[in-house]
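Position 116 of the sequence shown, counted from 1, bears residue number 115 in numbering that gives the first Met the number 0, the numbering being contiguous throughout.
Beta carbons: idealized from backbone N, C-alpha and C, even for Gly.
Note sheet for the following structure.
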Amino acid sequence: MIIEDVLIELDKLKKDVTSFKTAINEDELQAEIDKIDEQSMSDPNFWNSKESKGIMKEQAVKKRKLDEWKELIAIVDDADVLVELHKEGEEGLEEDIVEAVKNLRKIISDFELKLVLSGPNDANNAIITINSGAGGTEANDWAAMLYRMYTQYAEHNGYKYDVIDYMEGEEAGIKNAVINIKGPFMFGYLKGETGVHRLVRISPYDSANRRHTSFAAVFVTPEIEDDIEVDISESDLQIDTYRASGAGGQHVNTTDSAVRITHAPSGVVVTCQSERSQHKNKAHAMKILKSRIYEVEMEKKNEEKQKLESTKTEIGWGNQIRSYVMHPYKMVKDLRTRHETGNVDGVMSGSLEPFIRAYLLHTAGIDNDD
0 MIIEDVLIEL
10 DKLKKDVTSF
20 KTAINEDELQ
30 AEIDKIDEQS
40 MSDPNFWNSK
50 ESKGIMKEQA
60 VKKRKLDEWK
70 ELIAIVDDAD
80 VLVELHKEGE
90 EGLEEDIVEA
100 VKNLRKIISD
110 FELKLVLSGP
120 NDANNAIITI
130 NSGAGGTEAN
140 DWAAMLYRMY
150 TQYAEHNGYK
160 YDVIDYMEGE
170 EAGIKNAVIN
180 IKGPFMFGYL
190 KGETGVHRLV
200 RISPYDSANR
210 RHTSFAAVFV
220 TPEIEDDIEV
230 DISESDLQID
240 TYRASGAGGQ
250 HVNTTDSAVR
260 ITHAPSGVVV
270 TCQSERSQHK
280 NKAHAMKILK
290 SRIYEVEMEK
300 KNEEKQKLES
310 TKTEIGWGNQ
320 IRSYVMHPYK
330 MVKDLRTRHE
340 TGNVDGVMSG
350 SLEPFIRAYL
360 LHTAGIDNDD
C-alpha cells in the first residue's frame, strides 16, 4: 500500500474517533468517576454498605473506559506527529506510519465493540452451557466440537476458564457441559452465542458415508456476584447427590460427590461434578443456579431476551442461530447477521471474533464493514 493510501485511511479512522466523542462524553465520565471517588473517601459508612461492591465495580468499568479513550486519543496524536514529520521531509517514516495506522485500525475496532457493551452484566464473566440435541452419538459429538471451540477461543485470547460440568456420551462426545470463562466483558462478548447451532457433514460414525444434520443448544449467562441478591428459597430446591463419572461411564469417586440441583418454580436444573468435594460441587452448582435464575428474571423485564429464552425449548430447525456446513461445501453462517466464512476449521478452532463483532454491531444497529 502506497503512503498516500495510508494517509487517506488515517483521515477516515480519525473521523471514526471523532464520532465516538458523543458516546464517550469525557468530561461527564470524569465527573462521575470523581464523584464516586469522593464519596468513597468522605463517607465512613460507604464500604460497609451492600451497594459498595457494585458501585466500585461500575467505577472500575468507567475508569477502564476513560483510560482506553485517552489511550486512543494519544495513539491518534502520535500518528499525526509521524505524518507531520513525513510532510516536513523527514525520511524513513513510511514504515512507521503504516504500522501506526494498522495499530490504530485494530484499537478502533476493539473500542467500537466496547462502546456497545453497555448491558448491566456485560462486564461479567460468562457461564456457557452446551446441550446436545436429538440424534445420539452424532449430536453428542457435535456438542463436544462446540465445547472445544469455546475452550480454544478462551485459550487463544488468554482467558482462564473452569469446567464446571462435563457429561460424556455413551459412545462419543458429550451430552452436556458447563464452562465458566473469565475475563473482562466476557458475557458481553459471548451473549450472542445463545441459541441452536446446526452442523451438516458426512458422518464419521456412518459406514455408508451419508450426510447428517446435528443440533446442539448453547446458553450463555453472566456470572453473578455474590453480593447481588437473587431470591431462591431452600424449599424450592431439590438437591440430589451421585457418584461422579469419568470416561466410559466409570465412577471416578467412591463417594457421592456430584451434585444436581433442581429449582422447582423455574424448572432449571444444574449439575456439577468437577470437584472431589460434595461441598465445593454444591457451591459451584448454586452459583450457576443463581446466574440462571437471575437471567430468567432479567428476561421477564426484557421482551427481546424473553424471545431468546424461548429458543432453549426445542433444539431443532426452527431456533437455530448459526449453521456449520462441512459438506457438500464449507461454510459457517450466522442466520441473524448474515456474516459468513468458508474457514470452517478456523471457526471450530476458536476464531469467533468476526462473528462476535458482527452480532454486537448488528444488535446496536451499526454497519459492519468487515
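In angstroms, rounded to a whole number, what distance separates the CA positions of residue i and residue j?
{"i": "Thr323", "j": "Lys61", "result": "Per the sequence presented here, residue 323 reads as Tyr, with Thr not at that position. Taking the straight line from one Cα to the other gives about 38 Å."}
{"i": "Lys105", "j": "Ala215", "result": "33 Å"}
{"i": "Gly349", "j": "Gln151", "result": "5 Å"}
{"i": "Glu70", "j": "Gly364", "result": "26 Å"}
{"i": "Ile74", "j": "Val100", "result": "9 Å"}
{"i": "Thr212", "j": "Asp344", "result": "18 Å"}
{"i": "Lys299", "j": "Glu8", "result": "45 Å"}
{"i": "Leu236", "j": "Ile260", "result": "7 Å"}
{"i": "Gln58", "j": "Glu87", "result": "44 Å"}
{"i": "Phe110", "j": "Glu67", "result": "8 Å"}
{"i": "Met297", "j": "Lys11", "result": "39 Å"}
{"i": "Glu170", "j": "Ala133", "result": "15 Å"}
{"i": "Cys271", "j": "Arg291", "result": "14 Å"}
Look at residue i and residue j and say whether their C-beta atoms are less than 8 Å apart.
{"i": "Ile178", "j": "Tyr149", "result": "yes"}
{"i": "Val258", "j": "Leu288", "result": "no"}
{"i": "Tyr204", "j": "Gly182", "result": "no"}
{"i": "Leu114", "j": "Val217", "result": "no"}
{"i": "Gly341", "j": "Met330", "result": "yes"}
{"i": "Ala142", "j": "Ile129", "result": "yes"}
{"i": "Ser221", "j": "Ala153", "result": "Contrary to the premise, residue 221 reads as Pro rather than Ser in this sequence. It is not a contact, given that the beta carbons lie outside the stated cut-off."}
{"i": "Ile231", "j": "His278", "result": "no"}
For residue i, is the classification buried or exposed, using 16 other Cβ atoms within 10 angstroms of its Cβ as the cut-off for buried?
{"i": "Ala357", "result": "buried"}
{"i": "Thr17", "result": "exposed"}
{"i": "Lys14", "result": "exposed"}
{"i": "Asn123", "result": "buried"}
{"i": "Glu37", "result": "exposed"}
{"i": "Gln29", "result": "exposed"}
{"i": "Lys210", "result": "Strictly speaking, residue 210 in this sequence is Arg, with Lys absent from that position. Arg210 should be labelled exposed."}
{"i": "Lys281", "result": "buried"}
{"i": "Thr21", "result": "exposed"}
{"i": "His250", "result": "No answer about His250 holds up, because its pLDDT of 48 lies below 50 and its placement is not dependable."}
Throw me the rounded Cβ distance for the residue i and residue j pair, which I believe falls under 8 Å.
{"i": "Phe186", "j": "Asn120", "result": "5 Å"}
{"i": "Glu274", "j": "His283", "result": "7 Å"}
{"i": "Arg335", "j": "Ile355", "result": "Not confirmed; about 12 Å, so no contact."}
{"i": "Val80", "j": "Ile96", "result": "Not really, about 10 Å apart at Cβ, beyond 8 Å."}
{"i": "Val229", "j": "Ile223", "result": "7 Å"}
{"i": "Leu189", "j": "Val219", "result": "5 Å"}
At 4 residues or longer, what runs of the alpha helix (DSSP H) sit wholly inside the region 79-160?
93-115 and 136-155
Going along the chain, which unbroken runs of the alpha helix (DSSP H) with 4 or more residues stay wholly within the region 174-226?
185-189
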